[in-house]
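**Student:**
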Amino acid sequence: MGRAFEYRKARKFKRWGMMAKTFTRIGKDIVLAVKSGGPDPESNGRLRAIIQNAKAANMPKENVERAIKKASSKDQEDYKEITYEGYGPHGIAFVIETATDNHNRTVANIRSYFNKYGGSLGISGMLDFMFDRKSVFRIAANGIDPEELELEMIDYGADELVLDEETGDLIIYGDFTAFGAIQKFLEEKGFEIKQAEFERIANDFKELTEEEIAEVEKLLEKIEEDDDVQNVYHNMR
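The sequence shown stops at residue 244 when you use this note's numbering, and every number in between is there.
1. Quick check on the DSSP output: what are the complete alpha helix (DSSP H) runs of length 4 or more inside the segment 96-127, in order along the chain?
2. To which residues does DSSP link Ile208 through a beta bridge?
3. Does the beta-carbon distance from Tyr240 to Phe138 come in below 8 Å?
4. What are the residues that DSSP puts in a beta bridge with Val38?
5. With H, G and I counted as helix, E and B as strand and the rest as coil, what does DSSP make of Leu193?
6. For Lys201 and Asn51, what's the separation of their Cα atoms in angstroms?
7. Suppose contacts are defined by Cβ-Cβ distances below 8 Å. Is Gln237 in contact with Arg55 by that definition?
8. Can you tell me whether DSSP reads Gly93 as helix, strand or coil?
9. Give every residue of the same chain whose Cβ lies closer than 7 Å to the Cβ of Ile75, excluding the five residues on either side of it in the sequence, and list them in chain order.
10. Determine the closest residue to Ile58 out of Lys77, Gly34 and Ser43, with distance taken between C-alpha atoms.
11. CA-CA distance, Met243 and Ile220?
12. Using a Cβ-Cβ distance cut-off of 8 Å, determine whether Leu54 contacts chain D.
13. Mind the definition here: the segment 225-234 touches the segment 90-105 only if three or more C-beta pairs lie below 8 Å; say whether that holds.
14. State yes or no: is the C-beta of Lys196 nearer than 7 Å to some heavy atom of the ligand FAD?
15. Between the Cα of Lys141 and those of Glu155, Pro153 and Leu168, spot the shortest distance and give me the residue it belongs to.
16. Where do the N-terminal and C-terminal ends of the beta strand (DSSP E) with Ile178 fall, by residue?
17. Where does Glu159 sit, in a helix, a strand or coil, going by DSSP?
18. Which one or two residues does DSSP pair with Phe144 in a beta bridge?
19. Decide yes or no for the touch test of the segment 140-155 against the segment 170-185: beta carbon pairs closer than 8 Å, at least 3 of them.
20. How is the alpha helix (DSSP H) around Gln59 delimited, first residue to last?
21. So, are the CB atoms of Tyr94 and Gly129 less than 8 Å apart?
22. Measuring alpha carbon to alpha carbon, tell me which residue in Val71, Tyr124 and Arg207 is nearest Leu134.
23. Where does Asn238 fall in DSSP's three states?
24. Among Glu92, Ala64, Asn116 and His110, which residue has its Cα nearest to the Cα of Asp85?
25. Alpha carbon to alpha carbon, how far is Tyr163 from Gln83?
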């Protein structure tokens, strides 16, 4: 299947082994949620969703509780959410979401990755037209009629339901501003929410050769390894 396939396979296994990185990212999400909405999951929908994501990632309950407690303390450093945008090799667009307590460090690191791997860091907002911001929910699909549920959820801001044939889950896509309404609907109806988050979905994807994909993957991997990086989106198919 080629070198690019083998590279992607090796990279996938490496990501699966980066549990510490995943827990760090979720821990930052918890801090941001607590700072903006308080430590009580019952009244903080964003925190409630993150706790569910932590469960899906097999993050121990005590780790979550400790992170919430720490986020509520005066000693917890403040993180700022900063988004960086740029082009990688072969014109692939990148949008990088970070949570950082040191903007100078983060921007210097991100710029160095682009420079090293044949890309260039751009200015904020330059790629907004290439990505749609969506609320994305993943629920257990057992006993659910997707078409019927989709019709019911249109009024709550959902615009597409997709069955993940690999996991058997139902993925719900909705407007960025509809996160709270969709979350409330699913909770009130008793659906098992496995994951809930915001995503940036490219509205047009670019085809590359295997060799070109491998070059872009090197930059992608380097960015994802950075401790300040929360999410990375691109338009490579």
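C-beta: ideal position from N, C-alpha, C; glycine also.
**Tutor:** Once the coordinates are examined:
1. 110-123
2. Asp139
3. yes
4. Paired residues: none, contrary to the question.
5. helix
6. 17 Å
7. no
8. strand
9. Ile37, Val41 and Pro46
10. Gly34
11. 8 Å
12. The structure shown has no chain D; it contains just one protein chain.
13. yes
14. The model on display carries no ligand, and the ligand FAD is accordingly not part of it.
15. Leu168
16. Asp176 to Asp182
17. helix
18. Ile179 and Ala203
19. yes
20. Gly52 to Ala63
21. yes
22. Arg207
23. strand
24. His110
25. 36 Å
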